[in-house]
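Chains as they are written, first to last, in this note's numbering: chain A, 106 to 702; chain B, 155 to 360; chain C, 13 to 304; chain D, -1 to 119. Beneath this line is the structure, given in structure tokens, with notes to follow.
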Amino acid sequence: MAQHQHKGGGHGHDHHHHDDHGAGHHELSYWRKYIFSVDHKIIGIQYGLTALCFLFFGFSLMMIMRWQLAYPNKPIPVIGSLFPSFFPGGAMAPEMYNAFGAMHGTIMVFLGVVPMLVGAFGNYVMPLQIGAPDMAFPKLNMMSYWVYFCGGVTMLASFFVKGGAAQSGWTSYAPLSVITQPHQWGQTMWLIGMVFLITSSLLGSINFITTIVQLRAKGLTMFRLPFFVWAQFVTSFLLLLAFPPLEAAGILQLMDRVAGTSFFMPEGLVVSGQMQSYTGGGNPLLWQHLFWFLAHPEVYVLILPAMGMVAEIIASNTRKALWGYRTMVYSIIFLGFMSFIVWAHHMFITGMGQKMAAFFATTTMIISIPSVVILTAMVITLHGASIRFNVPMLFALAFLPMFAIGGLTGLPLGLPVSDIQLHDTYYVIGHFHYVVAPGTIFAIFAGIYFWFPKATGRMMNEALGKVHFVLSFIFINVAFMPMFFQGLAGVSRRLADQTGYAHGNAVQGLTRMSSWGAWMLGLSQVPFIINFFVSMFAGRKVSENPWESTTLEWSAPSPPPHGNFKSTPVVHRGPYEYGVPGIAKDYFPQHQAGAEA
Amino acid sequence: MSTAVLPYTVEPHPITRLYSGKLGIWLFLASEVMLFGALFSSYVLLRVGAPVAGPAAWPAHAETGLSWKIGGFNTLVLIISSVTMVMAWAALKTHNIGRAKAYLATTVFLALVFIVVKLTLEYIPKIQAGHTPSHNNFFALYFTLTGLHALHIIGGIIVITYFIGPGSALWKTDPEYFTNRVECTGLYWHFVDLVWIFLFPVLYLT
Amino acid sequence: MRRCSWRIFLAVVFGCVVLGQTSVLRAQAVAPKDTGVKIDGEYGPFLPTDISVDGYQVDRLINVLHVFMIGLFVGWGLFFAFCLVKYRQRPGHRANSVLIKAKPSKYLEIAVAIFEAVLLFGFSIPVWARVKSEFPTDDPMRVRVVAEQFAWNFHYPGADKKFGKLNPKIIDLVKNPLGRMDDDPAGKDDFVSGEFHVIEGRSVVVEILSKDVIHSFFVPVLRVKQDAIPGMRIPIWFKTKEKTAGAYEIGCAQLCGNNHFSMRAVMHVDTPEQYAAWVKKVTAPPEEFKED
Amino acid sequence: MDHSHADTDKHVRLYLTVFAALAVGTVVTVAANQLHVEHALAIGIALGIATVKASLVAAVFMHLKWERSAWIWSTLALCAVFFVVLLFIPVLETSEHPPNVVVGTWDVLPEAHTEHAGHHE
Ligand code: HEA
Ligand code: HEA
Ligand code: CUA
Ligand SMILES: [Cu+2]
């Protein structure tokens, strides 16, 4: 659809009067329509495709790393000889391992999952679900995508600069991340990239909150919002208020690296026997506090929208209202709030006193309760349902036990005493991968299969989808389950080669199993990639509401035109009115007027 | 049918009583509070935790060589610029675009004075005297905090200049919308002033 | 077609399990590499040997928690599986739109909260208090551990039990890795080694330092882990059980640079005689500052 | 905000009053600083006046005095809470280490660097 954006500028408030929008406009150029578009749907798709590429890239890094873990210092088949400058002798040097590890974490979290959940699904689905014609600030929306894109390019470029990409983990703990200054540019690029990504997220979150507050359709009260919108709403507040401290920290670290300041550098740092020229007086733990002040809320940014998507899909495919919707909403708000006061549970081993440890352990235990409540509500929804096992539902269902494993294993980490043994071991890696990979990644797959027909007007192939699901489900567990045992055995994370340790050597078999799991998981994505691209052009055509769902996005055409709805929607009821007695169809869309009972 | 594609860009939402831009700018300011909050909290930590002696010690006030006169002058400049900013908005409210532009121009002028004073009387002499950011954490913080603040000022200058120049075309087609935009810019500008109100005593006086 | 694909899946699962199992078995036969010392203790996919007097408290908490977690997961999973089977969509079946009142879930949630509170206040907080502040008063050994990229230095105070002063400016990686000052009387009898020796059954207070970046002093068999933060000296303590003499591993648990993976050391738990012999050996003049 | 011209005139007068107050506040801050009172007290006075000044700016120039939107107030409240949480970082980090933790790695502090030594007047 055509549209004009001549009057905008400045602060990104967009405002334009359209006479008879819809027909009779000249077409925009290709560039304005698909590249620098301000339509939330195009931007959502841009985010989605970019994020999928990054997910794929981040995963590829890890598959290469898993070779080094399984067969330390053996030449990497094929890849090793393809990129001799990266892998001298075909094998992976420890600095390359560290660089890949840091970039895997960064890319997966900041360039893959968050842009996918918020940038893609949030952008595409949320305005549709609230019956809005677009985001509140369309130009700002476009800007946040392009700022994200710049951040991504900066991160990728850092692989090719002097000294290679950042090597201090995704956490970039100082002083390690600072003392590499003279011969490593990657860390500086990492910081600059982060500033881009943070800015992008901030712009996005402002837009999301404003849209949800201002642009809800008539009759759509806050407690008639689909759970997914609530999840996006809370997530946006987390991004809005937690990211700036990391931006501050990033600026301070940049100063330490570029201007030689000592924000994170204590006095008398001696590297390889050489006194460093930093004046000192700084505190390495300051970085950790500021980093985790963001990064803990960030992990909830990784999970809340995922929970929201799963909730949507479960409601639609159980043909039932979500059980305890209000409780879930209160829980997610509470979860968001609490996530700001648990950050130091990542720092129990830094030499923390009793009061502080007790405080953060307590808040950590408290924050696990709302998760339990939300998960329980979703499972109870299954009771008395009529469950359709289509592909999105399979992924959504698998999310529940997988997230439960990830969440439950967070508990031993949240108690300082058990964390003594488990901190920085593979147990932590296992814990969070269960929440982010079979958790969030599965939710993303579920979301893709679920909303694909809305975005393209075509269905993805069911059989290929099932193959994708079963294989992914098996191998993701093969990949991550061994990590808990490795962790209990005491194997530290970020080890380029664990076989030097007796305890590491004893569980090397598990490591190999995990690697094979990861590679097979990689193979299992082939049906998905084929399905995704082929269905885009050749999938079965569907009407606007193929899943017979109730929420507003399904009342718009598939794909929705510019402006989204044929007529401005008005909402008459709650989001999940399935199986209402006295109604012939087993669902009662939000926008349909009619008998209330 | 002549409908705005997006409602509430000009007229306030009947329930929230806000036009979208205003909520947006306040959300942005909330994130700015967290940004400067984190830096402020770093300041406290580094100051309280500084060694008692040696090169990394927190310098005594006299040693910093920061002049309260220059700082105080700049404080007044910023406060006045805040007044002119809000007067510009009030002028728009009384439909006097000429007066509004004059006030906006004064604001930009004052902002430029601030930057020029900062650069020529503070940054350059400090650096020439060897008080670079790497000298000690006081100067590191001084340059980081005031530098970031100065970047905000420069951003403000650009936006306000835009509204005096090309941006003011909007006044002819949709005066109320233009007024709203100036109000939002004003909110941002006052916030920048507000940050300085804290930076001044923290850096120049104690 | 459908049945066929399920068979393929099953075959894949089976194959995978076999693959996993065989590789597990094969790897356990491989001997530890290049430590030069045979490491004592048993290692496998669960918690390793525990040789410290208080380690059981950590293990107990981990074990209790896992039993709780597995119980919760299994119970929850059974209900989940039950629902999946019982309420699958089929002809003639329609969802029950009357919301069930699930009181049990509320009780379950409250039970979880109570259990977590018990773990927290009953197990974690008291043990943490003991570990962090009840330093031993039974004449513990005192050792200072100084981490650097990528080695551990163990600084012993010698007979006077006083550590000499350290000065970063006179550090010499070969002759004086810690910058010990010659003119400090307290430091006259100090010695530094790359090996960690403690006496079995005796408590030890370890002060942890770092010269450059953050490392983490990790002794799996002691259930001890403490970050070494530059700019801070952090003391911890432990006590080995009787009859645990042997050689154990020390690792670095915090990413500290390229050779983080190889930043290992050996902890020798000695009998008093062995210890005395070792001290004599390291303090013999020519060997004094030799490392590794 | 929607208000009439008369309202706007009233506002303008208020703006000028506030400006006077801010100017006075600045002068008082500087003057108090010249008194050489005890350090902690001086910081307290300066921050106290700054808070008053900032509140004036927020209330009048930023129109919070007239703001009735619950959304803005809740955003600000949330922001205020987390701002306070942020300020806990230095509190925790400076007061909450277990006993016996010593700050500083070395016994002998490094002296001034040669590269900076000349600049200490
Ligand atoms: C999406 C991401 C995500 C999520 C949701 C969580 C959730 C939780 N995390 Fe996790 N965590 C990470 C991502 C995440 N984490 C990451 C990335 C790291 C490592 C960072 C790094 O160091 O690199 C980490 C590290 C980490 C640590 C630090 C470990 C260490 O370094 O030593 C801790 C410690 O407390 C912790 C705790 C928790 C807790 C208590 C939860 C809780 O919120 C979990 C609550 C959930 C449940 C308790 C499950 C629900 C239960 C059921 C469904 C079954 C019960 C059923 C009934 C009762 C009916 N996490
Ligand atoms: C969101 C976060 C996220 C995600 C999803 C993942 C996913 C995976 N991670 Fe990652 N990981 C981290 C975040 C994440 N990780 C972080 C933060 C660290 C710590 C880094 C550090 O130490 O600093 C880490 C560290 C880490 C380690 C430890 C390294 C070490 O400590 O030395 C390992 C080891 O196996 C690992 C493995 C994997 C694997 C096998 C996956 C797999 O699950 C990947 C699965 C991915 C997919 C299934 C995506 C598939 C996508 C496609 C196929 C796209 C298709 C494309 C189109 C259609 C265009 N990760
Ligand atoms: Cu030292 Cu890792
Ligand atoms: Cu956390």
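By construction, the Cβ of each residue, glycine as well, lies at the ideal position given by its N, Cα and C atoms.
Query	Result
Do the CB positions of A:His528 and A:Ile454 come within less than 7 Å of each other?	yes
Rank C:Ala125, C:Asp202, C:Arg154 by C-alpha distance to the C-alpha of A:Thr469 and give the top, closest one.	C:Ala125
Compute every distance between the C-beta of A:His538 and the non-hydrogen atoms of ligand 3, then say whether any falls below 6 Å.	no
Below 6 Å, is the gap between the Cβ of C:Gln266 and the nearest heavy atom of ligand 3?	yes
Any beta carbon from chain A within less than 7 Å of D:Phe80's own beta carbon?	yes
Report the residue from D:Gln32, D:Gly46, D:Ala19 whose alpha carbon sits nearest the alpha carbon of D:Phe59.	D:Ala19
Give me the subset of the stretch 227 to 251 of chain A whose CB atoms are less than 9 Å from a CB atom of chain B, sorted by chain position.	Ala237, Pro238, Asp239, Met240, Ala241, Phe242, Pro243, Leu245
For C:Met279, is the beta carbon positioned less than 6 Å from some heavy atom of ligand 3?	no
Kindly indicate which residue of D:Phe17, D:Val82, D:Thr27, D:Arg11 has the alpha-carbon position closest to the one of B:Leu353.	D:Thr27
Nearest chain A C-beta to C:Pro284 closer than 7 Å, yes or no?	no
Pop quiz: B:Ile351 and D:Ala52 are said to be a contact at Cβ under 8 Å. What is the actual Cβ separation, rounded to whole angstroms?	5 Å
Just list the residues that DSSP pairs C:Val236 with in beta bridges.	C:Val231
Could you give the first and the last residue of the continuous alpha helix (DSSP H) run that contains A:Thr389?	Checking the displayed sequence, the identity of residue 389 of chain A turns out to be Pro instead of Thr. Segment 389 to 423, the alpha helix (DSSP H) holding A:Pro389.
Short of 6 Å in beta carbon distance, which residues of its chain neighbour B:Gly225, apart from the five on each side in sequence? Order them along the chain.	Phe354, Tyr358
Quick one: give me the first and last residue of the beta strand (DSSP E) that A:Ser473 is part of.	Element bounds for A:Ser473: not the beta strand (DSSP E) but the alpha helix (DSSP H), 459 to 487.
Of all the options A:Ile408, A:Trp624, A:Pro331, which has the alpha carbon lying nearest to the alpha carbon of A:Pro680?	A:Pro331
For D:Cys77, report the span of its alpha helix (DSSP H) as first-last.	68 to 93
Check whether the Cβ of A:Ala511 lies closer than 7 Å to any Cβ atom in chain C.	Sequence inspection shows Gly at residue 511 of chain A; the Ala mentioned does not correspond to that position. Chain C contact via Cβ: absent.
Exposed or buried, what is C:Lys255 when buried is set at 16 or more other beta-carbons lying within 10 Å of its beta-carbon?	exposed
Using a Cβ-Cβ distance cut-off of 7 Å, determine whether A:Gly605 contacts chain C.	yes
Could you pull out every residue in the same chain whose Cβ sits closer than 6 Å to the Cβ of A:Asn203, ignoring the five residues on either side in sequence?	Gln272
Is A:Arg617 near ligand 2, judged by its Cβ being under 6 Å from some heavy atom?	no
Would you say A:Gly535 and A:Phe589 are within 7 Å of each other, going by their C-beta atoms?	yes
Compute the minimum distance between the beta carbon of B:His289 and the heavy atoms of ligand 4, and state whether it is under 6 Å.	no
List the residues of chain G that B:Val202 touches, going by C-beta distances under 8 Å, in chain order.	Here the protein chains are A, B, C and D, and chain G is not one of them.
Which whole-angstrom value describes the C-beta separation of A:Leu351 and A:Phe301, a residue pair presumed to lie in contact below a C-beta threshold of 8 Å?	No, A:Leu351 and A:Phe301 are not in contact; Cβ-Cβ is about 13 Å, not under 8 Å.
Taking the continuous beta strand (DSSP E) assigned at C:Ile262, which residues delimit it?	258 to 264
In whole angstroms, give me the CA-to-CA distance for A:Gly413 and A:Val447.	22 Å
Count the other C-beta atoms from every protein chain shown that fall within 10 angstroms of the C-beta of B:Cys338, then say buried if there are 16 or more, exposed otherwise.	buried
Return the residues of the stretch 213 to 227 of chain C that lie within a Cβ-Cβ distance of less than 9 Å from chain D, sorted by chain order.	Val217, Glu219, Leu221, Ser222, Lys223
Relative to chain D, which residues along the stretch 346 to 371 of chain A have a C-beta separation below 9 Å, given in chain order?	Leu346, Ala347, Pro350, Pro371
On the DSSP letters alone, give me the boundaries of the beta strand (DSSP E) that C:Ala159 sits inside.	153 to 160
Where does the unbroken beta strand (DSSP E) through A:Asn566 begin, and where does it stop?	Counting along the chain, A:Asn566 falls outside any beta strand (DSSP E), and DSSP gives it neither H nor E.
Less than 7 Å between C-beta atoms, sequence neighbours within five positions excluded: which residues of the same chain meet that for C:Thr295?	Phe203
Can you list the residues of chain D that A:Leu520 reaches, using a CB-CB cut of under 7 Å?	In chain order: nothing, as chain D lies at least about 17 Å away.
Under the DSSP definition of a beta bridge, which residues are partnered with C:Glu219?	C:Arg156, C:Pro247
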